[in-house]
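Notes for the one structure printed next.
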Amino acid sequence: MNVKTMPRLPAVISHGRTMPNGVGGAVGGVLLLCLALLARTQSLDQYVTVDEDLTLGRTGNFVDALADGRWQRTYQIGHPEVTVMWVAAAALGPTRARDFAGSVSVESRVPNSRVVVERPEFMTALAQARFGVAVANSLVLLAAALLIWRLAGPLAGLLGGTMLALEPFLVAHGQLLRGDALLSGLMLVAILAATAYWHGGAGRWALWLAIVATGLALLTKTPALILLPIVAGIALIRRYTHDRSPFRSLAAWLFGSVALYVLLWPAMWVRPAGTIQRVAEYTVAKGGSPMDAGSYLFGQAVTDPGPLFYPVAFLLRLSPVGLIGLMMLLRWRPVRQQWLVVVLLATALIFGAAISVAPKKADRYMLPLIPCVIAAVGVGAAELVRCRRVAERVLVLGAIVVGQSASLLAVWPYPLAYYNPLLGGGAVASRTILVGSGEGLDVVARALNRLPDAASSTAAVFYPDALAAQFTGRAVPLDAYDVADFAVLYVSAEQRQLTAPPLEDALADQLPELEVHLNGVRYAQVYRLARPEFAEGIVLDGIELTDRLVTRGQAVSLNLRWGVRTPSTRSLRSRVVLLDGSGRPVGQSTGLIQEAPLPERFDERHRLRAPDRIGRYTVAVVLLDGPSGEALPIVRRPPGLPDSDTSLIFRSLWMRVQ
Numbered sequence: 148m149n150v151k152t153m154p155r156l157p158a159v160i161s162h163g164r165t166m167p168n169g170v171g172g173a174v175g176g177v178l179l180l181c182l183a184l185l186a187r188t189q190s191l192d193q194y195v196t197v198d199e200d201l202t203l204g205r206t207g208n209f210v211d212a213l214a215d216g217r218w219q220r221t222y223q224i225g226h227p228e229v230t231v232m233w234v235a236a237a238a239l240g241p242t243r244a245r246d247f248a249g250s251v252s253v254e255s256r257v258p259n260s261r262v263v264v265e266r267p268e269f270m271t272a273l274a275q276a277r278f279g280v281a282v283a284n285s286l287v288l289l290a291a292a293l294l295i296w297r298l299a300g301p302l303a304g305l306l307g308g309t310m311l312a313l314e315p316f317l318v319a320h321g322q323l324l325r326g327d328a329l330l331s332g333l334m335l336v337a338i339l340a341a342t343a344y345w346h347g348g349a350g351r352w353a354l355w356l357a358i359v360a361t362g363l364a365l366l367t368k369t370p371a372l373i374l375l376p377i378v379a380g381i382a383l384i385r386r387y388t389h390d391r392s393p394f395r396s397l398a399a400w401l402f403g404s405v406a407l408y409v410l411l412w413p414a415m416w417v418r419p420a421g422t423i424q425r426v427a428e429y430t431v432a433k434g435g436s437p438m439d440a441g442s443y444l445f446g447q448a449v450t451d452p453g454p455l456f457y458p459v460a461f462l463l464r465l466s467p468v469g470l471i472g473l474m475m476l477l478r479w480r481p482v483r484q485q486w487l488v489v490v491l492l493a494t495a496l497i498f499g500a501a502i503s504v505a506p507k508k509a510d511r512y513m514l515p516l517i518p519c520v521i522a523a524v525g526v527g528a529a530e531l532v533r534c535r536r537v538a539e540r541v542l543v544l545g546a547i548v549v550g551q552s553a554s555l556l557a558v559w560p561y562p563l564a565y566y567n568p569l570l571g572g573g574a575v576a577s578r579t580i581l582v583g584s585g586e587g588l589d590v591v592a593r594a595l596n597r598l599p600d601a602a603s604s605t606a607a608v609f610y611p612d613a614l615a616a617q618f619t620g621r622a623v624p625l626d627a628y629d630v631a632d633f634a635v636l637y638v639s640a641e642q643r644q645l646t647a648p649p650l651e652d653a654l655a656d657q658l659p660e661l662e663v664h665l666n667g668v669r670y671a672q673v674y675r676l677a678r679p680e681f682a683e684g685i686v687l688d689g690i691e692l693t694d695r696l697v698t699r700g701q702a703v704s705l706n707l708r709w710g711v712r713t714p715s716t717r718s719l720r721s722r723v724v725l726l727d728g729s730g731r732p733v734g735q736s737t738g739l740i741q742e743a744p745l746p747e748r749f750d751e752r753h754r755l756r757a758p759d760r761i762g763r764y765t766v767a768v769v770l771l772d773g774p775s776g777e778a779l780p781i782v783r784r785p786p787g788l789p790d791s792d793t794s795l796i797f798r799s800l801w802m803r804v805q
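Counting the sequence shown from 1 gives a position; our numbering is that position plus 147.
Put into structure tokens, the structure is as follows:
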């Protein structure tokens with residue numbers, strides 16, 4: 148029987164030089180770090196994206212738990228997002244971080260507790276925390292670039308590092324108070340360090356670096372679990388390229404990563420099994436179910452966009468330099484660095500396949516694919532020009548810097564709005580994949596803030612917390628448009644057809660007062676809403692229920708703001724009625740008589756007692772003639788409210804008794 152031996156991979160990855168050293172290495176590292184920092188630390192207070200307020204609030208809770216020694220309470224969410232909270236806490240300082248303690252509940256078990264944006268100096272603190280995250284992301288990318296230098300030579304390190312520093316999608320998320328960019332960089336470092344140790348002839352420092360990067364990645368987001376089989380595979384292939392077994396070093400890597408995971412997360416000190424169980428339950432519950440508001444692909448609102456979502460999103464999010472480089476890499480495969488390129492591209496494919504299985508999909512979840520592909524492109528580009536003259540190498544490096552910088556500057560200060568112009572840019576992206584995480588709402592906020600009555604105005608929008616952080620008035624969810632002065636239609640809500648049909652019909656023939664366009668995408672439209680009006684020109688200009696989740700018998704306040712459009716000689720009084728699920732009145736409050744002549748504006752506060760029965764109750768408002776008590780007829784009501792001649796029954800104005 149003929150036995151064919153398996154061809155062995157090169158024992159040590161070839162490279163032009165060893166680890167960066169001397170003046171050249173120091174200068175190259177400093178330049179790459181400055182480039183990454185320059186791209187990530189600008190305009191940090193420009194806009195707010197969805198859920199960043201939650202991360203800031205969790206950071207406050209985390210630091211508060213550390214200060215009081217309540218280790219179990221350092222569990223804030225199952226991501227687990229621990230590294231982000233450590234970095235944000237370091238950037239803010241313990242005192243300032245604790246100012247946000249209690250502003251968000253653990254895993255949002257109490258919906259009424261999300262009040263982060265109401266805290267003083269929210270925007271200043273967010274920008275400061277973002278700066279810390281931007282620095283951390285830049286340092287991680289520097290480590291990746293130096294590892295590429297070690298594995299494939301200085302030119303590959305410079306080319307790959309430059310592309311990583313300026314890749315628009317990486318820059319956009321590298322600025323945000325989220326864990327996606329940090330996860331991406333740490334995963335790349337772990338893969339490169341593992342390759343350097345088991346196949347690149349590097350010393351134990353590379354193993355230690357792989358341990359640190361893996362442990363930190365696991366503490367950042369649970370998708371880092373994909374590192375376990377990938378790094379194990381890199382190590383086990385050593386059996387075909389080396390004489391020594393990798394099992395001891397592989398066990399050391401695994402043990403060290405777990406030890407770091409435990410060391411940096413105090414919740415693991417006191418209840419390790421319970422903490423891991425909560426992480427697993429959260430991961431299964433969130434990752435195993437579609438996005439609450441649905442998704443979008445190829446012009447259709449869908450629950451799960453399916454396996455095509457990530458390939459399409461990847462191509463649209465990749466820069467032209469990255470896309471052209473990838474096409475060249477696939478056509479002209481590098482020979483000397485083939486193993487390193489295969490490892491990087493295989494990692495991207497494995498991660499992409501793994502996340503495609505989950506029904507919950509968003510383009511930021513595929514962020515770890517980007518640095519792996521960009522690093523591979525950098526390595527391939529370096530090999531293509533390695534035999535050329537120094538001037539040509541400098542020209543290639545300069546072209547990459549110019550190309551990547553031009554991509555960023557084209558959409559600055561909104562790198563999150565970047566989409567590959569070679570594939571149609573934002574215009575095609577908005578018709579193809581889900582677009583918009585809050586960018587552009589800053590423009591809306593600034594426009595509304597210039598209005599004379601901005602502080603007393605209410606805007607309904609799909610991302611109310613992102614708008615509320617920048618708007619001096621009040622922001623409410625889009626389905627609460629019946630109590631709002633303005634409706635803000637945002638692109639990601641429009642794509643998923645989340646605008647209530649009555650509101651959509653009412654706005655069909657109305658021109659928006661403002662449209663926000665970024666990179667060829669109409670991100671937001673602002674419409675002024677007609678307020679409810681009773682006979683004789685009495686308008687309900689504002690209504691606000693102070694508490695939504697209450698206990699039985701609890702006192703609740705309801706604030707009303709009235710406007711008188713025409714002079715009135717009638718004395719009036721208002722009545723607020725609580726209705727149960729069947730529409731039956733279960734409580735009411737009647738205001739004081741407002742004597743004629745009525746002022747142009749006046750405010751009222753009603754005090755209601757929460758019913759004794761658990762349930763959800765809505766609010767109705769009636770306006771009465773003062774002397775006779777006769778109800779005034781309604782002239783105009785918000786679209787979609789139940790029909791009633793004299794009662795405004797607000798769908799979105801409710802309280803839940805628990």
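C-beta: ideal position from N, C-alpha, C; glycine also.
*For P744, does the count of other Cβ atoms within 10 angstroms reach 16, so buried, or fall short, so exposed?*
Your numbering for residue 744 matches position 597 in the sequence shown. By the neighbour-count rule (16 or more Cβ atoms within 10 Å), P744 is not buried but exposed.
_Host alpha helix (DSSP H) of P241 (start-end)_ = Indexing the sequence shown from 1 puts residue 241 at position 94. Its alpha helix (DSSP H) spans residues 241 to 245.
*asked:* Helix, strand or coil for V251? Go by DSSP, reduced to three states.
replied: The residue given as residue 251 occupies position 104 in the sequence shown. Looking at V251 - three-state DSSP - the assignment turns out to be coil, as it is neither helix nor strand.
*Under the criterion of a Cβ to heavy atom distance below 7 angstroms, does A186 qualify as lining the ligand ZN?*
By its list of ligands, the structure shown contains no ligand whatsoever, and the ligand ZN lies outside what it can speak to.
*Run of the beta strand (DSSP E) containing T494, from where it starts to where it stops*: Stepping through the sequence shown from its first residue, residue 494 is reached at position 347. Note, T494: premise wrong, no beta strand (DSSP E); alpha helix (DSSP H) at 485 to 504.
*Taking just the CA atoms, how far does D656 sit from P785?*
The count along the sequence shown starts at 1 and reaches residue 785 at position 638. The count along the sequence shown starts at 1 and reaches residue 656 at position 509. If I take the Cα positions, the gap works out to 16 angstroms.
_Contact set for A244: own chain, Cβ-Cβ below 6 angstroms, skip 5 residues either direction_ = In the sequence shown, counting from the first residue as 1, residue 244 sits at position 97. Around A244: T206, G207, V210, A236.
*What is the DSSP secondary structure of R511, counted as helix, strand or coil?*
The sequence position of residue 511 within the sequence shown is 364, counting from 1. Reduced to three states, the DSSP call for R511 is helix.
*Where do the N-terminal and C-terminal ends of the beta strand (DSSP E) with W709 fall, by residue?*
On the sequence shown, position 562 is the one that residue 709 refers to. Secondary structure note for W709: its beta strand (DSSP E) is the uninterrupted segment 702 to 711.
_beta strand (DSSP E) segment containing W479, residue limits_ = The residue you call residue 479 lines up with position 332 of the sequence shown. First-last for W479: undefined, no H or E at that position.
_Three-state class that DSSP yields for L323 in the structure shown_ = Your numbering for residue 323 matches position 176 in the sequence shown. Looking at L323 - three-state DSSP - the assignment turns out to be coil, as it is neither helix nor strand.
*With DSSP run on the structure shown, which of helix, strand or coil describes S791?*
Within the sequence shown, numbered from 1, the residue matching residue 791 stands at position 644. Residue state, collapsed to three classes: coil.
*Who are the near neighbours of R712 in its chain, counting only those whose CB is closer than 8 angstroms to its CB and skipping five residues on each side?*
Along the sequence shown, read from residue 1 onward, the residue named residue 712 stands at position 565. So the list reads E680, G684, I685, V686, once near-sequence residues are dropped.
*Determine the DSSP secondary structure at L180, reduced to helix, strand or coil.*
Locating residue 180 in the sequence shown gives position 33, counting from the first residue. If DSSP states are grouped into helix, strand and coil, L180 belongs with the helices.
*asked:* What does the alpha-carbon distance come out to for the pair L771 and Y674?
replied: On the sequence shown, residue 771 is found 624 positions in, with the first residue counted as 1. On the sequence shown, residue 674 is found 527 positions in, with the first residue counted as 1. Take the alpha-carbon of L771 and the one of Y674: they are about 31 angstroms apart.
*asked:* As a quick exercise: from V548, R722, T693, pick the residue whose alpha carbon is nearest that of R803.
replied: In the sequence shown, residue 803 corresponds to position 656, counting from 1. Nearest of V548, R722, T693 to R803, Cα basis: T693.
*asked:* Considering Cα atoms alone, identify which of L239, V234, V253, A337 is closest to F269.
replied: Indexing the sequence shown from 1 puts residue 269 at position 122. When only C-alpha atoms are compared, the closest one is L239.
*On the three-state DSSP scale, how would you describe I224?*
Here residue 224 refers to the residue found at position 77 of the sequence shown. If DSSP states are grouped into helix, strand and coil, I224 belongs with coil.
*So which of P315, V532, A602, T698 has the shortest CA-CA distance to F461?*
Counting from 1 along the sequence shown, the entry for residue 461 is found at position 314. The residue with the shortest Cα to Cα distance from F461 is P315.
*For M474, is the classification buried or exposed, using 16 other Cβ atoms within 10 angstroms of its Cβ as the cut-off for buried?*
As a first step, residue 474 must be located in the sequence shown, where it is residue number 327. Exposed.
*asked:* Using a Cβ-Cβ distance cut-off of 8 angstroms, determine whether G587 contacts chain C.
replied: Annotation note: the requested chain C is absent from the structure, which comprises a single protein chain.
*Where V229 and A248 are concerned, what is the direct C-alpha to C-alpha distance, given to the nearest angstrom?*
As a first step, residue 229 is located in the sequence shown; it is residue number 82 there, counting from the start. As a first step, residue 248 is located in the sequence shown; it is residue number 101 there, counting from the start. Roughly 16 angstroms separates the two Cα atoms.
_Test item: CB-CB of Q484 and A299 under 8 angstroms_ = Taking the first residue of the sequence shown as 1, we reach residue 484 at position 337. Taking the first residue of the sequence shown as 1, we reach residue 299 at position 152. In this structure, A299 lies closer than 8 angstroms to Q484 by Cβ.
*Measure the CB-CB distance between G502 and Y457 and report whether it falls below 8 angstroms.*
Here residue 502 refers to the residue found at position 355 when the sequence shown is read from its first residue. Here residue 457 refers to the residue found at position 310 when the sequence shown is read from its first residue. What sits at residue 502 in the sequence shown is Ile, not Gly. Yes, Cβ-Cβ distance for I502 and Y457 is below 8 angstroms.
*Please name the residue, chosen from A291, F609, V251, that lies closest to A337 on a Cα-to-Cα basis.*
Along the sequence shown, one-based indexing puts residue 337 at 190. For A337, the nearest C-alpha among the options comes from A291.
_Restricting to Cα atoms, I'd like to know which of G348, T579, E651 is closest to V459._
Here residue 459 refers to the residue found at position 312 of the sequence shown. Checked all of G348, T579, E651; the closest Cα to V459 is T579.
*Would E530 be called buried (16 or more neighbouring beta carbons within 10 Å of its own) or exposed?*
What you label residue 530 is simply residue 383 of the sequence shown in a count that begins at 1. Buried, since its Cβ has 16 or more Cβ neighbours within 10 Å.
*Can you have a look at C181 and say buried or exposed, based on whether 16 or more other CB atoms are within 10 angstroms of its CB?*
As a first step, residue 181 is located in the sequence shown; it is residue number 34 there, counting from the start. Its Cβ having fewer than 16 others within 10 Å, C181 is exposed.
*Could you pull the start and end residues of the alpha helix (DSSP H) that D200 belongs to?*
Reading the sequence shown from its first residue, position 53 is the one you call residue 200. Note, D200: alpha helix (DSSP H), 199 to 215.
*G171, DSSP secondary structure in three states*: Working through the sequence shown from its first residue, we reach residue 171 at position 24. In this structure, G171 counts as helix in the three-state DSSP scheme.
_Sequence ranges, beta strand (DSSP E) only - wholly within the segment 540 to 622, length at least 3_ = 605 to 608
_I'd like the list of long-range same chain contacts for G587, defined as Cβ closer than 6 angstroms, with 5 residues on each side in sequence excluded._
Residue 587 sits at position 440 when you count from the first residue of the sequence shown. Excluding positions up to five away in sequence, the list reads V663, L665, Y670, A671.
*Keeping to the same chain, check which residues put their C-beta closer than 7 angstroms to that of N284; ignore five residues upstream and five downstream.*
Along the sequence shown, one-based indexing puts residue 284 at 137. So the list reads R187, G321, A328, L329, G332, once near-sequence residues are dropped.
*In three-state DSSP terms, what is M438?*
What you label residue 438 is simply residue 291 of the sequence shown in a count that begins at 1. In this structure, M438 counts as coil in the three-state DSSP scheme.
*How big is the Cα-Cα spacing for L496 and D759?*
Numbered from its first residue, the sequence shown carries residue 496 at position 349. Numbered from its first residue, the sequence shown carries residue 759 at position 612. If you take the alpha carbons of L496 and D759, they lie about 57 angstroms apart.
*Does DSSP classify F445 as helix, strand or coil?*
The residue you call residue 445 lines up with position 298 of the sequence shown. It is coil, neither helix nor strand.
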